Ligand SMILES: [Zn+2]
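Numbering (our numbering), first residue to last: 1282 to 1578.
Given below as structure tokens:
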């Protein structure tokens, strides 16, 4: 194909030369005219999801980034956070450019490396995880995890991802010794134990989560998965059923129930389950017909 800007032969709609020129002027690539109206801004609002971009925010981001890349001291933390957000939400946009899939991540890494203090290190570790560099992320977090609950939780997640469940469990135990009723921590602890393959103990950890919040549908679902792995399909069925009662949109829980019921030829209960799914808004008409046919054959 030919570049839509200069007409050169190119494998992407915008050739390498034009892509690089745009990146120099607009390091965030997206720029004015590609975003919502000028009326609002949410750049400085810590609490928004920041998935909606406003024209003036984009303009400010691009200007700040340009200054940063020219060696000026600017708010690197803001830039790094946004570059990471762009990687997560707007990477598809890079398909039009000859810049590589990791363009925003590389940008984020560049900004994050200039941030002083632990917030910068934390962000850098997040970027490493996104780049698949678990060892680098682990190295960074191993030095700062004690300073902040959110650091510790992220360190635990990295360890679980890397298969180092034992170390993750140690860290969660240490955190739980200070706040033994932290539901979110118990959930992470349960996930780590489950990942280690110790399903009976993981089940008990999920029960602990449910002790603090019996409406936690995801904990009911995950407990069900542990019970299946421990060979207790009756209890698993009950746990999945409770999960769907607490959250009727939890599709995976219905699917697990259906798997158990169909494997055991329990067609009328499978049909009941599909009816509940239909009530919850899932399109299951074809599957219901199949189960009815299986019942009468
Ligand atoms: Zn071009």
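Cβ atoms here follow ideal geometry from the backbone N, Cα and C, with glycine treated the same way. Just so we're clear, the structure is a prediction, and the values are computed from it rather than from any experiment.
Per DSSP, the unbroken alpha helix (DSSP H) holding residue 1557 starts and ends at 1548–1560. Taking non-hydrogen atoms of ligand 1 into account, the C-beta of residue 1286 is found less than 7 Å away from one of them. Just measuring C-alpha positions, the residue of 1444, 1452, 1442 sitting nearest residue 1428 is 1452. With contacts defined as CB atoms closer than 8 Å, residue 1401 and residue 1393 qualify as a contacting pair.
Segment contact: the segment 1482–1489 against the segment 1464–1471, three or more CB-CB distances shorter than 8 Å; contact assigned.
For residue 1468, the uninterrupted alpha helix (DSSP H) segment begins and ends at 1464–1476. For residue 1306, the number of other beta carbons within 10 angstroms of its own is below 16, and it is reported as exposed. Checking the DSSP bridge columns, you'll see residue 1283 partnered with 1290. For residue 1295, the beta-bridge partners assigned by DSSP are 1378. Scanning its chain for C-beta atoms nearer than 7 Å, with the 5 sequence neighbours on each side dropped, one finds around residue 1448 the residues 1440, in chain order. In this structure residue 1293 is in contact with residue 1379, their Cβ atoms being roughly 5 Å apart against a cut-off of 8 Å.
Annotated as proximal: residue 1360 and residue 1349, with beta-carbon spacing under 8 Å. For residue 1522, the uninterrupted alpha helix (DSSP H) segment begins and ends at 1514–1527. Listed in chain order, the non-local C-beta contacts of residue 1384 below 7 Å within the same chain comprise 1375, local neighbours out to five positions each way being set aside. DSSP, read as helix, strand or coil, puts residue 1399 in helix. In this structure, residue 1407 and residue 1365 form a Cβ contact; the two beta carbons are roughly 7 Å apart against a cut-off of 8 Å. Relative to ligand 1, the nearest heavy atom lies less than 7 Å away from the CB of residue 1291. Judged by DSSP secondary structure, residue 1368 falls within the alpha helix (DSSP H) whose first and last residues are 1357–1371. Membership of residue 1423 in the alpha helix (DSSP H) is indicated by the continuous run 1415–1425.
With fewer than 16 other Cβ atoms inside 10 Å of its own Cβ, residue 1576 counts as exposed. Taking the Cβ atoms as the reference, residue 1309 lies roughly 15 Å from residue 1351, outside the contact range of under 8 Å.
Relative to residue 1410, the option among 1435, 1505, 1544 whose CA is nearest is 1435. In this structure, residue 1500 sits away from residue 1509, with a CB-CB distance that is not shorter than 8 Å. Judged by DSSP secondary structure, residue 1545 falls outside any alpha helix (DSSP H); it is assigned neither H nor E.
In the DSSP assignment, residue 1494 falls outside any alpha helix (DSSP H), carrying neither H nor E.
Apart from the 5 residues on each side of it in sequence, residue 1534 sits with its Cβ closer than 6 Å to the Cβ of 1502, 1521, 1524, 1525 in its chain, given in chain order.
In terms of side-chain proximity, the C-beta atom of residue 1310 is found no nearer than 7 Å to any non-hydrogen atom of ligand 1. For residue 1295, the shortest C-beta to heavy atom distance toward ligand 1 is below 7 Å.
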